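Residue numbers (the working numbering): 6 to 154.
So this is what it looks like as structure tokens:
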């Protein structure tokens, strides 16, 4: 009888104990992130593929910072002209981290994404960017991702 009670008790102790080396890290947007995207404008037929960075600071569930991206190009290798191709830094604003979901903005774009399952250093999602240039209205949307450095 004692053996039947000892084994379940030991299993319960092992199951309830925590090992700090396996606990997941708290999700944070703070730090440097490499970002990239693949955006399309169905109205103009333009396609953009870009690389860039975000440098972010976080306070509780909000964050802000700066970013840059460029050069951008189409799959045919043509360089897109416009603010999405301009490597001048921009402000990251209105950042919010809710659970595993991330939302934020820059002057002409809105981003939404989620931390990839099982990670605290990779976000995938969508971006929408709108602006006018030389009398043409652009409305890009598509996939976006970021990896913490």
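Glycine is no exception: its CB is placed at the ideal position from the N, C-alpha and C atoms. Being a predicted model, the structure only gives us computed values, none of them experimental.
Residue i bridges to which residues according to DSSP?
i, result
"residue 125", "DSSP, once it has assigned bridges, lists no residue as partnering residue 125."
"residue 86", "DSSP lists no partner for residue 86."
"residue 104", "DSSP lists no partner for residue 104."
"residue 5", "The chain is shown only over 6 to 154; residue 5 falls outside these bounds and no answer can be derived."
"residue 138", "141"
"residue 133", "115 and 146"
"residue 152", "39 and 127"
For residue i and residue j, which I take to be in contact (beta-carbon distance under 8 Å), what is that distance rounded to the nearest angstrom?
i, j, result
"residue 129", "residue 117", "At roughly 10 Å, the Cβ-Cβ gap does not stay under 8 Å, so residue 129 and residue 117 are not in contact."
"residue 149", "residue 42", "4 Å"
"residue 100", "residue 67", "6 Å"
Quick one: Cα of residue i to Cα of residue j, how far?
i, j, result
"residue 39", "residue 135", "22 Å"
"residue 65", "residue 141", "40 Å"
"residue 121", "residue 127", "6 Å"
"residue 74", "residue 147", "15 Å"
"residue 105", "residue 133", "20 Å"
"residue 33", "residue 52", "31 Å"
"residue 63", "residue 44", "27 Å"
"residue 119", "residue 48", "28 Å"
"residue 152", "residue 31", "16 Å"
Let me check understanding here. Comparing Cα to Cα, which of the options lies closest to residue i?
i, options, result
"residue 144", "50, 35 and 34", "50"
"residue 56", "138, 87, 92 and 133", "92"
"residue 89", "54, 152 and 153", "54"
"residue 86", "139, 103 and 31", "139"
"residue 46", "108, 153, 154 and 137", "137"
"residue 69", "48, 133, 102 and 44", "102"
"residue 35", "112, 44, 48 and 97", "97"
"residue 110", "152, 59 and 154", "59"
Completely contained beta strand (DSSP E) runs for the segment 46-80, where each covers 3 or more residues
52-64 and 67-74
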